[in-house]
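To get the numbering used here, take the position in the sequence shown, counting from 1, and add 313. Just so it is clear, CB atoms sit at the ideal spot from N, CA and C, and this is done for glycine as well.
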Amino acid sequence: MKKIISASLVALLISAIVAPLQSVFAAGPIVGFEIIAPTTAKANEAIDVTVRAVDKDKQTVVDYRGSIIFISDTFGDTVPSPGKAIAFTDEDAGQKKFSKGVIFRSTGKQKIYVADVENSNDIIWETTVMVEAAQTQTNTTTETVTIVSPVKDSKVTTDVVAVSGQTKKNSKVTFWLNGKEVGDAITSEDGLFTKTLTDITQEKNLLQVQLLDGNNSVIAKSEEIVFEKAKDATGFYNLVVTPGTTLDTSTKMSLLVEGDPGMSSANVLIDGSSIALTETQPGKYTADTVAPAKPGVYPLSVTLVTSLAQTIEKKDVASLTVTEPVKPTLVPRFVDVKSVVDGQKITFSFKVVDAPADLDKFKIAYGENADSLSQEVMTYSTGRIMGTGGVYTWYIDKLETKTYTFKIFGAKADNSLIPQFVSEPVVATIGKSAVAVANIANIVVKSEPGKSIMSWSPVECATSYNVYKITPSGDYVLVQNTKEPSYTIFLQQSGAIVREDFAVKALCADGAESPEYTRVSAVQTGPGMIAILVIISGILGILVLRKRSLS
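Printed below as a string of structure tokens:
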């Protein structure tokens, strides 16, 4: 009678086997495994099994990096890596397939168990397969084994040969070379088998493939195939071009020639030029060079000279296709955007990089916030407002006393806007002195367990400092006024990773702020004990805000 292994016995067995192992990090809310297998199978025939890490909603936990172990409740069954932990990798993405990995010896309801190495007492998954008896062979039915490759009496030129053929499906076959077993394989659903045999050293070789039943008894044999290893006098096997045989003009590339070891010289001929290669490993000759400067298709030829001064030439072994590189599309942008407030007037100065040919003027739109730019002015043509060093200047006068958000747009002669040509938002308070206190500089961030501390150089005449958080829409929200030139961010301990932007301004006695924000960007505020903080700016006088187009 078949003995069913209880969950506690399974846990005990797993604990004894994997105690010395260290599990890799398993991310994601895994609650168990889905074992995907055929509902029915034949005894002594191999089947595919897939194990998928799932969460409570049966969704694949793609970042699962733990280890699992297979257990069968019947002695003699075949499971993947019996008694060993199997680790999930990045390439598995939470799902691992074991091709032809399970063979049941007995009929009836059979179970496969899968457990998590680190949580063997809590997570043990199973599936049931109904196993039917294998078809009974009659005296008139015999199995056959056919070798398709290598062909009888053929010749190979290397010490590697690929063996392929066909026989009974989902069955074990063994490979015999010159009277010795050199490997085995499980046939596919179509009965196909393949195997690469290496270290072919004899000149004449005898190959046979044998078919086994569930008890590992031989039930059929192929015809013995004789093949020879030819004495290859060419000395050349392969030419590899990295990163590929289609490249842009003048692109760096590497050449690799594989041949017999110990050549006195090796060269590759490209467009009339001979590239000398160096033997970096036995039989591997390499060189770094560049693709031709003109587009075209260039045949590649190889010349090898043996230690006995024998010259081996292989013409047109590959070809190199060289094309003109695609020029990147230039996107115009504003740089060095500055603003100066004088009473009810604000003056802008800025430069343009990669200006389009149809740029004629600029539109400055403004409003109470980045989502409400309800007013606008149009500048004169670019030639009339450009000053020394390519700096454009324009002002807006008679503004009300309040805080505005401004954006500058590139425009054509007909006043239509140029797509994707807009500045970052500029926030300024009209009616207050913008020069009463200097800008902040030299912001640094110190990470400590559970918190991060922003600090900066004290500003002369400043009475306090305003710390702002920047919203996704580009608006600035005051979060703290501090007397000291520092601000502490206490990190979250759980939840999704959050990164936020902060900015700082200095205040003078009459409440006027420094004219421009100094920005600390991409501050990770959770989870974890120490956040990774990236200081994007802190340069005196630079105003940097999130990009948003005028809707």
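Of the residues Asp361, Lys542, Met576, the one whose Cα lies closest to the Cα of Ser501 is Asp361. For the pair Lys597 and Ser535, the Cα-to-Cα distance works out to about 37 Å. Ala670 and Thr660 have their C-alpha atoms spaced approximately 26 Å apart. Approximately 34 Å separates the beta-carbon atoms of Phe803 and Ser736; this is outside 8 Å, ruling out the contact.
Counting C-beta atoms within 10 angstroms of its own C-beta, Thr391 has 16 or more neighbours from the protein chains shown and is therefore classed as buried. Nearest to Lys424 by alpha-carbon distance, out of Ala350, Ser652, Val615, is Ala350.
Counting only runs that start and end inside the segment 715 to 746, the beta strand (DSSP E) elements of at least 3 residues fall at 716 to 724, 730 to 735, 739 to 742. In this structure, the straight-line span from the alpha carbon of Thr593 to that of Thr599 is close to 7 Å. Comparing C-alpha distances from Ser587 to each of Pro595, Val635, Ala354, Lys628 shows the shortest one belongs to Lys628.
Proximity to Gln515 across Val473, Thr616, Leu590, Val665 peaks at Val473, based on C-alpha coordinates.
In the pairwise beta carbon analysis, the segment 607 to 614 is classified as touching the segment 628 to 639: at least three pairs are separated by under 8 Å. Within the DSSP secondary-structure output, Trp707 pairs in a beta bridge with Phe661. Cβ-Cβ distances below 6 Å link Lys410 to Thr363 in the same chain, with the five nearest sequence neighbours on each side left out; the list follows chain order.
Thr695: member of the alpha helix (DSSP H) spanning 695 to 698, first to last residue. No Cβ-Cβ contact shorter than 8 Å links Thr509 with Thr480.
According to the DSSP assignment, Met443 belongs to the beta strand (DSSP E) that extends over 437 to 445. Asp788 sits in coil when the DSSP states are folded into three classes, being neither helix nor strand. For Asp403, the secondary structure class from DSSP, reduced to helix, strand or coil, is helix.
Between Thr801 and Lys764, the gap from beta carbon to beta carbon is short of 8 Å.
Judged by their CB atoms, Phe401 and Gly421 are not nearer to each other than the 8 Å cut-off. Annotation for Ala668: Pro645 place their beta carbon closer than 6 Å to its own, counting only its chain and skipping 5 residues before and after. If you check the CB distance, Tyr781 and Phe815 come in under 8 Å. Thr701 sits in a helix when the DSSP states are folded into three classes. Residue pairing by DSSP puts Pro612 in a beta bridge opposite Ser632. Going by beta carbons, Met699 and Asn728 fall outside the 8 Å limit. Here the alpha carbon of Gly585 sits roughly 22 Å from the alpha carbon of Glu571.
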